[in-house]
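K.L.:
Number of protein chains: 2
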Amino acid sequence: MAKLKGNAVIGQSGGPTCVINRSLVAAVEELKKAHQITGIYGARHGVEGILAEDFIDLGRQSNAALARLENTPAAALGSSRMKPKPDDCARIFNVFRRYDVRYFFYIGGGDSAQTANIINELARSEDYEFRTFHIPKTIDNDLLGSDHTPGYGSAARFVASAFLGDDLDNRSLKGIKIDVVMGRHAGFLTAASVLGKLDEDAGPHLVYCPERTFSFDQFIADVEGVYRRLGRCVVAVSEGVATGPKDEDVVVREAGEVMLADGVRTELPKDAHGHPQLSGTGILADYLVYRVRKALTPTHGKLRLRGDTFGYLQRSFPGVVSEVDAKEATEVGRLAAKFALTSDVDGSVIIKRKPGARYAVEITYLPLSKVALGERQMPASFINKAGNNVTQKFIDYAKPLIGTLPKAGLAQSKLIRKR
Amino acid sequence: MAKLKGNAVIGQSGGPTCVINRSLVAAVEELKKAHQITGIYGARHGVEGILAEDFIDLGRQSNAALARLENTPAAALGSSRMKPKPDDCARIFNVFRRYDVRYFFYIGGGDSAQTANIINELARSEDYEFRTFHIPKTIDNDLLGSDHTPGYGSAARFVASAFLGDDLDNRSLKGIKIDVVMGRHAGFLTAASVLGKLDEDAGPHLVYCPERTFSFDQFIADVEGVYRRLGRCVVAVSEGVATGPKDEDVVVREAGEVMLADGVRTELPKDAHGHPQLSGTGILADYLVYRVRKALTPTHGKLRLRGDTFGYLQRSFPGVVSEVDAKEATEVGRLAAKFALTSDVDGSVIIKRKPGARYAVEITYLPLSKVALGERQMPASFINKAGNNVTQKFIDYAKPLIGTLPKAGLAQSKLIRKR
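So the protein sequences, as listed, match chains A and B.
With the first letter of the first sequence counted as 1, position 267 gets the number 267 in this note's numbering; the numbers rise by one all the way through.
Counting from 1 along the second sequence, just add 1000 to a position and that's the residue number in this note's numbering.
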């Protein structure tokens, strides 16, 4: 069969990660080697750039520029939160036809796989020869079909490092510390808070993921229990914890209702999809601190209570990158291009973990529709029975993904006898 | 003169840093070499540990434990916010006498220098042979007498890295982003936000330090100006910005009054010294976001507005350490011990920068009273006339202190011609 000749378009979509540009650069490098590729176009801000015909020439970037790019966090082409409607997809397809685009690579999460799938179906229905590949990325680790997703390992490394440091800080100056971690429906990133624990007494002592219904009574009792035992308590809470089964019951909504004065903020800020905005506000951590202070002060007196929200740092911090994650982000980009160029297929790249004690993966692909289908959450076996911590099974799963953390340790407890 | 023989006590005080344990380990290593030192005692939680006679044996730590400790953020001995009263100092001195303590090293900020000074004066007034050295640390960089302070370089590296990443994130998904950085009276750490800027258009586009009176009118106008020009805006704000000259006028107090409902939070949380608590709450960032939203929405419609508070991560994050800072933290610890052991003096270790184009320092000491005297702020020449950014002079001052940041870069802007 003759090789399909034409231009390639690459775009990036959704929340950026620290390694998403590695996938981009690897795909470009692979496409540059292929004679059937006439031009490599980078769409600025994902589908928005395609609709606006706003492309930059990725085939003519200097090697130095590509090398720098690979090491740069966040989406270098610009990202987008747009979910194109059928109408938009038809317009995108028309742009592709006009620019003789025969290869489309979309780096993103589940929504991006869905967009890629719709455009691919359109091309197929019009007998337009076309190859589409979705290249996975998300710090949330919630894509279907993969053992894990590029971007997660580095964000998890940031979260594990942050808790390692914050726990040591909390040992230095004792108190109750509540840290809010990203993750609307999936707790993988919040769960990663435990991966740097130094010893039995290390925090986070409590971990709350959105997979389990959040109860304030249990939360307060849990915190008080740890505080009685250790004189301190470090807590990891996912931004998406909810007291009920629906988005409408996320705790942050209650926080807004209870904490904010009438007329000052009458409703919570909403994100581009109309959900309550979770990140980029300190309200959830502040509310949890407020609830703990109110509940425990009568018994325990004045408490040193602090709340931090990790915010956007956890997905964009340069230099805190998991080597495994970096390597796999490169591989999914390279292989997406290779699959599209050499096999007569479309798909979404997935990572499978090979069985065995030593960590090893196989990178292959699934039909686009399979990955676009929905979101993955933490399996039940990753969360303990009480719903306030993770299990060893989660640790075994996640530890190989974050790389080796900086070595740290406490002084040996050799006491001087009192005189 | 015969060498003064006896035990040594080391303690740590104030907010931890990423390199404070390097000073500790270096002092211990130096003391271990000296035959006149009979025991090296680590006071748990600073002066609190001395009062409680809660000491661990630092002279009998394994080499492996010391090596790990050196690399560990936060105060390994435990820290303290206690400012001992004259009565407490007399009790501390009595403990020292009872334990035959002849050398006292206190690693901390200005308050710690003051405590060390009081105890030293007591010993002198009682003709008790005694050597005291204050070893400087603070992420705020606000100690008198030094060009800069160990701990600052690594925290500044964290802040510069965070803004480098957050600015790239903000280029990916445009909007107005407000980040709150630690620093009650000194803006050095907030100013460090500019040190990773990639190009002319890079954020932070605006920087507000506590050295200048904060004006909401100017702030809103500044943000709108940048937003009109670039379609986005990244802002660095010090947690200590104030609309008036006193602590009572910090913006966070206004935030509490305006934003929080009656009866839910009737007053702002206060820290151990009775000041309004600035860190460990997202209230300031949220309030600034609220004010910008209210002011700009009528003209600009719905805005993507986010606020993050860097919180405790900036002083305790493992693995984000400036090499220069690490080296100097080691040197101030080693030299404090050396000065006390070989010269018949007490003092506070200071860092002087040598003149010349290449960065080089001289480490020496001042009398304890000189460093205990007050707090340093940013010199006027480090802040621009408008009070909304730093100057090149600040950049020249601070850049050598943070080490080399991870290389990053954007794609070359080679546009594809529209068809």
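Every residue gets a Cβ at the ideal spot worked out from N, C-alpha and C, and that includes glycine.
For clarity, every value in this text was computed on a predicted model and none was experimentally measured.
Identify, in the order they occur along the chain, each residue of the same chain with its Cβ nearer than 8 Å to the Cβ of B/N1007, setting aside the five sequence neighbours on each side.
P.N.:
I1037, T1038, G1039, I1040, Y1041, Y1099, D1100, V1101, R1102, Y1103.
K.L.:
List in chain order: all unbroken alpha helix (DSSP H) runs of 4+ residues lying wholly within the segment 1070-1102 of chain B.
P.N.:
Counting only runs of 4 or more, we get 1086-1098.
K.L.:
Please classify A/H300: is it buried, with 16 or more other beta-carbons within 10 angstroms of its beta-carbon, or exposed?
P.N.:
Looking at its Cβ environment, which holds fewer than 16 other Cβ atoms inside 10 Å, A/H300 is exposed.
K.L.:
Just curious, the beta strand (DSSP E) that A/D286 is in, first and last residue?
P.N.:
First-last for A/D286: 283-300, but that is the alpha helix (DSSP H), not the beta strand (DSSP E).
K.L.:
In angstroms, rounded to a whole number, what distance separates the CA positions of A/L168 and B/A1074?
P.N.:
Going from the Cα of A/L168 to the Cα of B/A1074 covers about 6 Å.
K.L.:
Since B/S1413 meets chain A, which of its residues come closer than 7 Å, beta carbon to beta carbon?
P.N.:
Per Cβ cutoff of 7 Å: I56.
K.L.:
Have a look at B/S1369, B/P1204, B/A1337, B/I1350 and flag the residue whose alpha-carbon is nearest the alpha-carbon of B/N1389.
P.N.:
Per the Cα distances, B/P1204.
K.L.:
Taking the beta carbon of B/K1137 as the centre, do at least 16 other beta carbons fall within 10 Å, making it buried, or is it exposed?
P.N.:
By the neighbour-count rule (16 or more Cβ atoms within 10 Å), B/K1137 is buried.
K.L.:
Would you mind sorting A/K177 into buried or exposed? The rule is 16 or more other CB atoms within 10 Å of its CB.
P.N.:
A/K177 should be labelled buried.
K.L.:
Tell me the DSSP secondary structure of A/Y359 in three-state form.
P.N.:
Three-state result, A/Y359: coil.
K.L.:
Considering A/P400, what are the terminal residues of the alpha helix (DSSP H) in which it resides?
P.N.:
First-last of the alpha helix (DSSP H) with A/P400: 392-402.
K.L.:
Would you call the CB atoms of A/D57 and B/I1416 closer than 8 Å?
P.N.:
Yes, these two residues count as a Cβ contact at 8 Å.
K.L.:
In angstroms, rounded to a whole number, what distance separates the CA positions of A/S23 and B/K1294?
P.N.:
Straight-line Cα distance between these residues: approximately 40 Å.
K.L.:
Given that A/L410 touches chain B, what residues does it touch there, using C-beta distances under 9 Å?
P.N.:
The contacting residues are A1065, R1068, L1069, T1072, A1076.
K.L.:
Can you look up B/V1223 in the DSSP assignment and give me helix, strand or coil?
P.N.:
Helix at B/V1223.
K.L.:
I'd like the list of long-range same chain contacts for B/S1322, defined as Cβ closer than 6 Å, with 5 residues on each side in sequence excluded.
P.N.:
Excluding positions up to five away in sequence, the list reads G1153, S1154, R1157, I1402, G1403.
K.L.:
If we define contact as Cβ-Cβ less than 8 Å, is B/G1280 a contact residue for chain A?
P.N.:
Yes, contact with chain A.
K.L.:
Cutting at 7 Å between CB atoms, please list the residues of its own chain near B/Y1128, excluding the five before and the five after it.
P.N.:
R1097.
K.L.:
If you follow the alpha helix (DSSP H) that A/R124 is part of, which residue opens it and which one closes it?
P.N.:
Per DSSP, A/R124 belongs to the alpha helix (DSSP H) from 110-125.
K.L.:
B/E1375 by DSSP, collapsed to three states: which one?
P.N.:
Note: B/E1375 maps to strand in three-state DSSP.
K.L.:
Check for me: the beta strand (DSSP E) holding B/D1167 runs from which residue to which?
P.N.:
Where B/D1167 is concerned, there is no enclosing beta strand (DSSP E), although the alpha helix (DSSP H) it sits in stretches over 1152-1172.
K.L.:
In chain order, which alpha helix (DSSP H) runs of at least 4 residues are fully inside the segment 1174-1249 of chain B?
P.N.:
DSSP runs (the alpha helix (DSSP H)) wholly in the segment 1174-1249 of chain B: 1188-1191, 1216-1230.
K.L.:
If you check the beta carbons only, do B/D1147 and B/R1334 fall under 8 Å apart?
P.N.:
Not a contact, by the Cβ cut-off of 8 Å.
K.L.:
Report the three-state DSSP secondary structure of A/I139 (helix, strand or coil).
P.N.:
In this structure, A/I139 counts as coil in the three-state DSSP scheme.
K.L.:
Tell me whether A/N7 sits in a helix, a strand or coil according to DSSP, three-state version.
P.N.:
A/N7: strand per DSSP, three-state reduction.
K.L.:
So, under 8 Å CB-CB, B/D1308 and A/G187 are touching, yes? Tell me the CB distance rounded to an integer number of Å.
P.N.:
Not really, about 21 Å apart at Cβ, beyond 8 Å.
K.L.:
Taking Cβ positions, are A/L366 and A/G108 nearer each other than 8 Å?
P.N.:
Contact flag unset, no.
K.L.:
Within the continuous alpha helix (DSSP H) that includes A/I383, where are the two ends?
P.N.:
Segment: none, A/I383 is in no alpha helix (DSSP H) and carries neither H nor E.
K.L.:
Who are the near neighbours of B/K1174 in its chain, counting only those whose CB is closer than 6 Å to its CB and skipping five residues on each side?
P.N.:
So the list reads G1231, R1232, once near-sequence residues are dropped.
K.L.:
Whole angstroms is fine: what's the gap from B/S1348's alpha carbon to B/I1020's?
P.N.:
The alpha-carbon atoms of B/S1348 and B/I1020 are separated by roughly 15 Å.
K.L.:
For B/A1411, which of helix, strand or coil comes out of DSSP?
P.N.:
The answer is coil: DSSP assigns B/A1411 none of H, G, I, E or B.
K.L.:
With a cut-off of 8 Å, do at least 3 Cβ pairs link the segment 1302-1321 of chain B to the segment 1179-1198 of chain B?
P.N.:
Result yes; three or more Cβ-Cβ pairs closer than 8 Å.
K.L.:
Any idea if A/Y359 is buried or exposed, counting beta-carbon neighbours within 10 angstroms, 16 or more meaning buried?
P.N.:
With fewer than 16 Cβ atoms within 10 Å of its Cβ, A/Y359 is classed as exposed.
K.L.:
Please report the distance separating the alpha-carbon of A/I350 from that of A/T364.
P.N.:
One C-alpha to the other measures close to 5 Å.
K.L.:
Chain B partners of A/L189, CB-CB under 7 Å?
P.N.:
Those within 7 Å of A/L189 in chain B number zero; the least Cβ separation is about 15 Å.
K.L.:
Please classify B/L1066 as buried or exposed, where buried requires at least 16 other C-beta atoms within 10 Å of its C-beta.
P.N.:
Answer is buried; the Cβ neighbour count reaches 16.
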